[in-house]
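For reference, the structure is listed below as structure tokens.
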Amino acid sequence: MTTTTVPEFQHRTVLLDEAVDALALAGARADGVFVDGTFGRGGHSRLILSRLGAKARLVAFDKDPQAIATAEQINDPRFTIVHDSFATMRESLAANGVDQVDGILLDLGISSPQVDDAARGFSFRNDGPLDMRMDTTRGMSAAEWLATENEQTLEKVIKEYGEERFAFQIAKAIVARRAVEPISTTRQLAGIVAGAVKTREKGKDPATRTFQAIRIFINKELEDLEVGLTQAYASLAPGAIIAIISFHSLEDRMVKRFFASKANVEQPDRRLPIRAVDLPQPELKLLAKIKPSDEEVDANPRARSAVMRVARRLPIPSDAEAA
């Protein structure tokens, strides 16, 4: 039998206490059913389990085989790990006998072990194969994609997912270089980008935005988030809490808009003869927007861009309640 070896890389879970505190694991809620949609290296899951009661359940998801190998080391009958994206939440929960849950946590950041392991190809600082897949068992690697994609699509991905203003120049440089030699390592790509970017943001490597864009595209991160938000919302029981940690503006904008669409319901003209029970009702209550403390950012600079949004699922009022 083949086993997955998990390399030893340190990982600091961002907003660890704040995220678990947001789930309000006290009283009757401590015996509820919860979801950690992005297990990573298990920081949030382990703390959640430490606060749950004996009758509780925690179902965690992750696409990364190394994360799955770490999760399988947790010997706790309350814990279940699913090797898939949180975008499959409804189906996967149903397969595990769960219809609705009392809380969901999504940490959308890439974990430090993934970045620090050169073999994964996420980092422009460490030379390694240009892979970038969260799930190395399926899909196309970044190197394979860069070798075949047309210049217009390369530019679009880098511009939209990386918010890179030099996307045209970078895409053109990639196409020119691959005509000479395969682009197969992170150092090659970082060098191509550095040569194409004319000005650099202070304190930021010129390859940062391009690497972000390619990683998001290869792993379908925004598509997963769009589907996952709908899946997560449909899984929330009345009174359930959802907390989502984002690390760049594209993700946070999607989360903010989704929450707002459920919390801010447009009301009809008051002069219309509409019963209270028939008025549109908000489905989420926005609870908090939380950023890491200065102390956490000092200890872990990768936390600096994180923002967590928290909301609670509201019950749908009955005719009697609304009358």
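The opening residue of the sequence shown carries number 2 in the numbering used here; numbering runs sequentially from there.
Backbone N, C-alpha and C fix where the C-beta goes; we use that ideal spot for every residue, glycine too.
Query raised in the report: Going by other Cβ atoms of all chains shown within 10 Å of its Cβ, with 16 needed for buried, is residue 320 buried or exposed?
Result: At residue 320, the pLDDT of 41 sits below 50, so the modelled position is not reliable and the matter cannot be decided from this model.
Report task. Would you check if the segment 186-197 and the segment 229-249 touch, i.e. whether three or more CB-CB distances between them fall below 8 Å? Result -> no
Report task. Inspect the beta-carbon positions of residue 305 and residue 298 and report whether they are closer than 7 Å. Result -> yes
Report task. Please name the residue, chosen from 181, 179, 296, 127, that lies closest to residue 206 on a Cα-to-Cα basis. Result -> 127
Query raised in the report: How about the segment 106-113 and the segment 42-50: do they share at least three Cβ pairs that are nearer than 8 Å?
Result: yes
Report task. Return yes when the C-beta of residue 135 is under 6 Å from any heavy atom of the ligand NAD, and no when it is not. Result -> This structure lacks the ligand NAD; in fact it carries no ligand of any kind.
Report task. Counting only the same chain and skipping the five closest in sequence on each side, list residues whose C-beta sits under 6 Å from that of residue 212. Result -> 125
Query raised in the report: Nearest-angstrom Cα distance between residue 79 and residue 166?
Result: 48 Å
Requested in this report: Just mark residue 293 as buried or exposed, buried being the case when its beta carbon has 16 or more other beta carbons within 10 Å.
Outcome: buried
Query raised in the report: Which one of 303, 316, 288 has the shortest CA to CA distance from residue 20?
Result: 288
Query raised in the report: Is residue 64 buried or exposed, if buried means 16 or more other CB atoms sit within 10 Å of its CB?
Result: buried
Query raised in the report: Taking the runs of the beta strand (DSSP E) that are 3 residues or longer, which of them lie wholly in the segment 74-137?
Result: 80-84, 102-108
**Report entry** Distance CB(residue 131)-CB(residue 187) smaller than 7 Å
**Finding:** yes
Query raised in the report: Looking at the structure shown, is residue 326 part of a helix, part of a strand, or coil, going by DSSP?
Result: As displayed, the chain neither begins before 2 nor continues past 324, which places residue 326 out of reach and without an answer.
Report task. Indicate the three-state DSSP secondary structure (helix, strand or coil) for residue 309 in the structure shown. Result -> strand
Report task. Kindly indicate which residue of 303, 237, 37, 169 has the alpha-carbon position closest to the one of residue 151. Result -> 169
Query - As assigned by DSSP and simplified to three states, the class of residue 51 - result: helix
Query raised in the report: Could you give the distance in angstroms between the alpha-carbon of residue 18 and the alpha-carbon of residue 140?
Result: 34 Å
Query raised in the report: When DSSP builds the beta bridges, which residues end up paired with residue 34?
Result: 58
Requested in this report: With a 10 Å radius around its C-beta and 16 neighbouring C-beta atoms as the bar for buried, classify residue 220 as buried or exposed.
Outcome: buried
Query - Bridge-paired residues (DSSP) for residue 314 - result: 285
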